[in-house]
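A.B. asks:
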Amino acid sequence: MGIVVVEVCSNNLLSMLDLEQLEEEYPEIAVMRTDCLNFCGMCRARPYAMVNGNKVFAKTSEECLLLIKQAIEAELKEFYEI
Numbered sequence: 015m016g017i018v019v020v021e022v023c024s025n026n027l028l029s030m031l032d033l034e035q036l037e038e039e040y041p042e043i044a045v046m047r048t049d050c051l052n053f054c055g056m057c058r059a060r061p062y063a064m065v066n067g068n069k070v071f072a073k074t075s076e077e078c079l080l081l082i083k084q085a086i087e088a089e090l091k092e093f094y095e096i
């Protein structure tokens, strides 16, 4: 398990992207695809993921991926500065 966990609902638009490439870019993270994250209203409305338990969402999958990367970097920065 990584320092940062990115959870994605398999029914969300974001799940169509190759999110596992994030694990190559950031070896400290783990991407977990689940059947449901219990945010069905949000899941139908827009791309989103949970990054260490915090919702990250945007209007497009590409924008959401950018915000996920920013959230990952913020989590890693906080972890390594402790």
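Going by the numbering used here, the sequence shown opens with residue 15, and the numbers climb by one from there.
Where is the CB? At the ideal position from N, CA and C, for every residue including glycine.
Bear in mind that the values here come from a model prediction, so they are computed numbers and not experimental data.
So, does the segment 82-93 touch the segment 47-54, judging by three or more C-beta pairs under 8 angstroms?
C.D. replies: Contact between the segment 82-93 and the segment 47-54 is absent, because fewer than three Cβ pairs lie under 8 angstroms.
A.B. asks: Are three or more beta carbon pairs between the segment 34-41 and the segment 62-71 nearer than 8 angstroms?
C.D. replies: Flag = no, the segment 34-41 and the segment 62-71 do not touch.
A.B. asks: Considering only DSSP beta bridges, list what Ile68 is partnered with.
C.D. replies: Position 54 of the sequence shown, counting from 1, holds the residue named residue 68. The question names Ile, yet the displayed sequence has Asn at residue 68. In the DSSP output, where bridge partners are listed per residue, Asn68 has Val65.
A.B. asks: How many Å lie between Ser29 and Glu87 at the Cα?
C.D. replies: Locating residue 29 in the sequence shown gives position 15, where the first residue counts as 1. Locating residue 87 in the sequence shown gives position 73, where the first residue counts as 1. Their backbone Cα atoms lie some 21 angstroms apart in a straight line.
A.B. asks: Which value, in whole angstroms, describes the spacing of the CA atoms of Leu79 and Tyr94?
C.D. replies: In the sequence shown, the residue the question calls residue 79 occupies position 65. In the sequence shown, the residue the question calls residue 94 occupies position 80. Cα-Cα distance, rounded: 22 angstroms.
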